[in-house]
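Comments concern the structure below.
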Amino acid sequence: MKFLELEVPAIKNYKGVVCKETTTNFCFESLITELNLIEDKLQSTSPYPKELKLGSFVSPINPSLSLSPTSPQKPDFFLDGEDKNERSGGNKSGAFVIRVPFNDDDDEEEEEEEEEKDEVVEGKEKAVDSTGMELVTTGTRFSCGVLDLSESEASDDKSTQSTDDDNLMRKTSLEEGVLYELERENQLNVKEEVRKRVSRLEADMRGEYAKTAEAIFQIEKRAEFMREIDRRRDKDFQSKIAENLDYHLSIVQRNHQRRSQKEELQIRKDAAIEDAKRKAKDLHDKKIQKEEAVAKAKAEAELKAKMEAARKAEETQKAALDAEAIKVSKEAEEKERINKQKDASVGVLKNPQTAGVKVKAAESAIKTETAILQKYIKMTEHNSQFSVNIVKECDNVERQISKRLRQVIGTVESVRGKANDLVSIIVNPQFPQSLSIMIFAKKVIALCDNPSGSFEGSIFAYGHAIVLVFSQVPGLMDFVLAEFYKVCIYTVPKYIQALGSAAKTKDYWMMIGYREENDKLETSEKYLRRIEACMMLYGAIIQTEIPGVENLLGLKEGWSWMARFLNEIPATAPSATALHAFLKMAGFSLLRKYKVQFKKLLNVITRSFLPALKAQENPNHAPIINKLELYIGKQLFLKEPEGRRLKTHLSSREFV
Numbered sequence: 099m100k101f102l103e104l105e106v107p108a109i110k111n112y113k114g115v116v117c118k119e120t121t122t123n124f125c126f127e128s129l130i131t132e133l134n135l136i137e138d139k140l141q142s143t144s145p146y147p148k149e150l151k152l153g154s155f156v157s158p159i160n161p162s163l164s165l166s167p168t169s170p171q172k173p174d175f176f177l178d179g180e181d182k183n184e185r186s187g188g189n190k191s192g193a194f195v196i197r198v199p200f201n202d203d204d205d206e207e208e209e210e211e212e213e214e215k216d217e218v219v220e221g222k223e224k225a226v227d228s229t230g231m232e233l234v235t236t237g238t239r240f241s242c243g244v245l246d247l248s249e250s251e252a253s254d255d256k257s258t259q260s261t262d263d264d265n266l267m268r269k270t271s272l273e274e275g276v277l278y279e280l281e282r283e284n285q286l287n288v289k290e291e292v293r294k295r296v297s298r299l300e301a302d303m304r305g306e307y308a309k310t311a312e313a314i315f316q317i318e319k320r321a322e323f324m325r326e327i328d329r330r331r332d333k334d335f336q337s338k339i340a341e342n343l344d345y346h347l348s349i350v351q352r353n354h355q356r357r358s359q360k361e362e363l364q365i366r367k368d369a370a371i372e373d374a375k376r377k378a379k380d381l382h383d384k385k386i387q388k389e390e391a392v393a394k395a396k397a398e399a400e401l402k403a404k405m406e407a408a409r410k411a412e413e414t415q416k417a418a419l420d421a422e423a424i425k426v427s428k429e430a431e432e433k434e435r436i437n438k439q440k441d442a443s444v445g446v447l448k449n450p451q452t453a454g455v456k457v458k459a460a461e462s463a464i465k466t467e468t469a470i471l472q473k474y475i476k477m478t479e480h481n482s483q484f485s486v487n488i489v490k491e492c493d494n495v496e497r498q499i500s501k502r503l504r505q506v507i508g509t510v511e512s513v514r515g516k517a518n519d520l521v522s523i524i525v526n527p528q529f530p531q532s533l534s535i536m537i538f539a540k541k542v543i544a545l546c547d548n549p550s551g552s553f554e555g556s557i558f559a560y561g562h563a564i565v566l567v568f569s570q571v572p573g574l575m576d577f578v579l580a581e582f583y584k585v586c587i588y589t590v591p592k593y594i595q596a597l598g599s600a601a602k603t604k605d606y607w608m609m610i611g612y613r614e615e616n617d618k619l620e621t622s623e624k625y626l627r628r629i630e631a632c633m634m635l636y637g638a639i640i641q642t643e644i645p646g647v648e649n650l651l652g653l654k655e656g657w658s659w660m661a662r663f664l665n666e667i668p669a670t671a672p673s674a675t676a677l678h679a680f681l682k683m684a685g686f687s688l689l690r691k692y693k694v695q696f697k698k699l700l701n702v703i704t705r706s707f708l709p710a711l712k713a714q715e716n717p718n719h720a721p722i723i724n725k726l727e728l729y730i731g732k733q734l735f736l737k738e739p740e741g742r743r744l745k746t747h748l749s750s751r752e753f754v
């Protein structure tokens with residue numbers, strides 16, 4: 099005999115409450131207990147507060163049964179998920195199941211039972227478990243009518259089960275229905291009140307939210323307003339700073355313009371004062387000359403009138419004759435010395451062993467020196483023919499030329515003015531030009547005798563003035579070079595070497611440029627100072643470049659001099675002094691023109707000239723060696739010498 103397993107329609111899982119399989123002994127009291135448990139479960143999972151839960155329900159049929167939230171124990175068919183798994187371990191669907199016997203032999207009875215189940219159960223689902231029982235699962239609701247199984251041919255056990263099931267499936271009484279409706283109405287009222295309170299709370303909450311949002315908006319608006327005020331203040335502050343800065347800069351610019359105007363005005367005043375002094379000086383000189391002329395004329399008139407004047411005239415003539423004799427004797431001595439020097443130089447060049455000396459010089463340099471000295475001798479012979487009256491005026495011309503040369507300073511105006519004055523004196527038709535040329539050449543070399551402290555500062559100005567005079571007086575340069583050759587043999591350049599100590603006599607030392615003072619030769623220190631001054635002036639003339647003026651003794655001659663010097667002249671203290679003085683004046687200009695080639699000549703000095711000088715191991719050579727090493731090592735030739743560029747004006751402080 100088989101059993102038909104029916105599943106009572108029930109909620110399998112509602113808000114965490116799971117239905118479990120029931121037992122065959124099911125009674126109404128158990129159902130009430132479980133309903134109370136369900137109500138308690140629903141209240142515990144409800145969104146409403148606990149104080150709004152319904153009170154305990156007491157059954158009118160059985161007062162001992164109640165729907166209290168504090169039921170002592172849960173029946174097996176209403177358990178949560180974990181209890182269900184622990185206590186049942188069986189059907190996982192959690193459905194409400196009724197087991198009824200099923201007879202395989204009586205098909206008609208089975209069909210009748212299925213029809214009855216169709217009347218009782220709504221929305222059923224059939225299934226067969228592993229024991230052969232048919233399962234009927236329910237939907238969300240079910241209703242039970244009167245289940246009558248009296249006609250079945252079941253056993254006594256089945257009858258007993260039907261009796262118990264009648265208690266479960268019987269109809270509800272009127273009192274229970276009224277109680278249920280009242281309870282339901284009470285729940286609806288409570289729910290409505292809860293919904294109203296929740297609505298009011300939600301409305302209040304929305305109002306609070308709106309007020310909060312409005313307050314936040316106002317705060318943000320206020321903050322944005324304050325930020326805008328800060329931005330405006332910053333902008334105004336920056337604009338004020340810019341205005342103050344512009345005002346300060348304008349004040350600084352005005353002050354600078356005022357200072358510039360004051361300086362320019364002062365410069366103009368200084369120039370005006372200098373010009374006024376020069377004009378006043380010229381007027382004073384003219385006045386003196388005029389007064390001298392008037393006095394002279396008056397004296398001559400008185401001499402003609404009186405006998406004493408005639409006697410004074412005789413004395414004056416006698417004094418003039420004596421001066422002429424002295425002048426002629428000096429010129430004869432000078433001529434004889436030049437001839438001796440010329441003969442010695444030419445003779446030594448032809449025969450190096452002549453007179454115990456040996457001349458080292460380039461052949462082209464010796465030829466140039468010989469030609470210039472011959473011109474000088476002819477000019478000297480020509481000047482010796484002038485009368486005594488002309489000789490008297492030589493002293494006046496010497497004073498004027500010497501004065502103009504000493505007055506040259508490092509400004510364009512001074513150089514050009516003094517050069518024009520010198521040219522005027524030289525080409526004066528009232529005085530022989532040959533005498534003026536000889537006097538000018540001697541006075542140029544006289545600048546190198548005992549040079550003062552201002553000599554080196556004005557040396558470039560001297561060079562400019564001399565070059566300007568060269569350009570306007572043809573042939574003057576040869577006689578100046580002749581004077582250079584007489585005073586400093588390194589301007590040729592040449593070197594006279596004594597063959598043995600016996601050859602170093604007084605004549606030898608005078609031949610190389612030493613002078614006699616009080617029947618004694620001058621000191622080597624004084625000789626070297628004169629050599630240095632002559633070479634500095636020679637280098638200043640060579641490096642001079644004037645726009646529109648041709649310098650016949652220019653950088654080309656300076657380059658030739660460097661090549662001849664390094665090829666022929668041995669390393670000695672005088673030759674090293676001459677080389678350093680020349681490089682100090684003309685090295686910068688030679689570098690600008692010849693560039694790499696000039697540096698090669700400096701390398702020759704470093705590799706050959708200086709080692710040869712050091713090899714002599716003379717402690718007196720140390721100063722000049724240090725000067726050459728410093729000039730080449732520190733590359734002083736890259737720096738323009740001070741005073742090379744003439745100034746356009748002279749400040750009052752420099753004038754004073």
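Following my numbering, the numbering of the sequence shown begins with 99 at its first residue and continues without gaps. Note that CB positions come from ideal geometry on N, CA and C, so glycine has one too. Only a predicted model underlies this, so the values are computations on that prediction, with no experimental measurement involved.
As assigned by DSSP and simplified to three states, the class of residue i
| i | result |
| --- | --- |
| Val457 | strand |
| Lys388 | helix |
| Tyr593 | strand |
| Leu129 | helix |
| Lys693 | coil |
| Thr466 | helix |
| Val288 | helix |
| Leu650 | coil |
| Thr478 | helix |
| Ile644 | strand |
| Lys682 | helix |
| Leu545 | coil |
| Leu744 | coil |
| Lys404 | coil |
C-alpha distance - residue i paired with residue j, whole-angstrom precision
| i | j | result |
| --- | --- | --- |
| Met608 | Cys492 | 28 Å |
| Thr675 | Ile629 | 7 Å |
| Glu740 | Ser706 | 29 Å |
| Arg504 | Gly515 | 13 Å |
| Thr131 | Ala308 | 49 Å |
| Val288 | Leu140 | 15 Å |
| Asp519 | Ala720 | 44 Å |
| Phe680 | Gln531 | 31 Å |
| Ala376 | Glu511 | Sequence check: residue 376 is Arg here, not Ala. Going by the C-alpha atoms only, they are around 12 Å apart. |
| Glu291 | Arg298 | 10 Å |
| Ala638 | Arg742 | 9 Å |
| Val585 | Lys458 | 17 Å |
| Leu651 | Ile667 | 21 Å |
| Glu389 | Lys624 | 44 Å |
| Leu744 | Gly656 | 21 Å |
| Ala311 | Glu322 | 16 Å |
| Gly305 | Val296 | 14 Å |
| Lys697 | Leu689 | 7 Å |
| Ile722 | Ala671 | 7 Å |
| Gln714 | Leu708 | 10 Å |
| Thr236 | Ala313 | Because the pLDDT of Thr236 is 38, which lies under 50, any placement of that residue in the model is unreliable, and the number read from its coordinates should be weighed accordingly. Between Thr236 and Ala313, the C-alpha separation is close to 57 Å. |
| Pro645 | Asn718 | 43 Å |
| Leu736 | Ile730 | 10 Å |
| Glu341 | Lys691 | 54 Å |
Residue i, buried or exposed, once every other Cβ within 10 Å from all chains shown has been counted against 16
| i | result |
| --- | --- |
| Met575 | buried |
| Ile564 | buried |
| Gln316 | exposed |
| Gly275 | exposed |
| Ile557 | buried |
| Lys222 | Because Lys222 sits at a pLDDT of 39, beneath the cut-off of 50, its placement in the model cannot be relied upon, and the point is left open. |
| Asn134 | buried |
| Ser534 | buried |
| Gly561 | buried |
For residue j and residue i, believed in contact at Cβ under 8 Å, the rounded distance
| i | j | result |
| --- | --- | --- |
| Ser673 | Tyr593 | 7 Å |
| Glu479 | Ile537 | The Cβ separation is near 16 Å, so there is no contact. |
| Leu619 | Ile640 | Rounded, the Cβ-Cβ distance is 30 Å, inconsistent with contact. |
| Lys602 | His678 | Not a contact, Cβ separation roughly 25 Å. |
The ligand NAD heavy atom lying under 6 Å from the CB of residue i
| i | result |
| --- | --- |
| Arg352 | The ligand NAD is not part of this structure, which contains no ligands at all. |
**OP:** Pick out the complete beta strand (DSSP E) segments inside the region 547-614, 3 residues or longer, and give them in chain order.
**Re:** 592-596
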